[in-house]
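To start, the structure under review is shown below, and the notes come after it.
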Amino acid sequence: MEPDKIINAFLQWLHENPSIFMPTAWQDLPELKTEMGEFADDQLFPIAMAISKWCARHQLGEDLKIAAGKNKKEIDDAGEPTPPTTHPLTNITQTLRQSIEDSYKKIQKELDAENQSNTDND
Numbered sequence: 024m025e026p027d028k029i030i031n032a033f034l035q036w037l038h039e040n041p042s043i044f045m046p047t048a049w050q051d052l053p054e055l056k057t058e059m060g061e062f063a064d065d066q067l068f069p070i071a072m073a074i075s076k077w078c079a080r081h082q083l084g085e086d087l088k089i090a091a092g093k094n095k096k097e098i099d100d101a102g103e104p105t106p107p108t109t110h111p112l113t114n115i116t117q118t119l120r121q122s123i124e125d126s127y128k129k130i131q132k133e134l135d136a137e138n139q140s141n142t143d144n145d
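Residue numbers in the sequence shown follow the working numbering, run continuously in steps of one, and reach 145 at the last position.
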């Protein structure tokens with residue numbers, strides 16, 4: 024699978040569907056954020072491999088393959104040229120780290136709000 028498809032699929036999850044990481048994988052998002060800091064922006068293959076391995080450890084590997092394959096199919100079957108729907112891969116390590124952090128905080132905030140409403144109802 025092409026590294027940019029994997030990275031874009033993962034970024035799409037972070038931006039559009041962070042709940043995919045629930046209930047337990049979200050707790051390890053900071054671990055992946057730290058790992059992304061070890062790569063240079065031009066190391067797409069190692070970045071994609073790290074994402075793939077992290078997803079596999081959290082039972083998201085098949086979902087990632089499907090999402091990346093769907094992105095590839097959309098590109099292959101595009102037909103008439105349209106504006107790009109995927110973000111160009113620039114400053115990728117910084118983008119990934121920031122997206123991971125934002126998604127982690129968003130999920131944590133939602134969980135805290137849910138827990139607070141549960142205790143208010145008791």
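We put the CB at the ideal spot given by N, CA and C, even for glycine.
Is it the case that the Cβ atoms of residue i and residue j are separated by a distance below 8 Å?
i	j	result
Ala32	Ala90	yes
Lys67	Ile123	First, the amino acid is wrong: residue 67 is Leu here, not Lys. For Leu67 and Ile123, no; Cβs fall outside 8 Å.
Ile43	Met59	no
If we ignore side chains and look at the alpha-carbon of each, how far apart do residue i and residue j end up?
i	j	result
Ser126	Thr118	12 Å
Ser140	Lys129	17 Å
Asn114	Gly84	24 Å
Leu87	Leu34	11 Å
Met45	Asp65	30 Å
Pro26	Asn138	38 Å
Pro76	Ile29	The question names Pro, but residue 76 in the sequence shown is Lys. Taking the straight line joining both Cα atoms gives about 11 Å.
Arg120	Phe62	11 Å
His81	Asp143	32 Å
Lys132	Gly92	31 Å
What span of residues does the alpha helix (DSSP H) with residue i cover, start to end?
i	result
Asn114	Counting along the chain, Asn114 falls outside any alpha helix (DSSP H), and DSSP gives it neither H nor E.
**OP:** Mind listing, in chain order, the continuous alpha helix (DSSP H) runs of no fewer than 4 residues lying wholly within the segment 25-86?
**Re:** Those alpha helix (DSSP H) runs which fall completely within the segment 25-86 and span 4+ residues are 26-39, 52-59 and 67-80.
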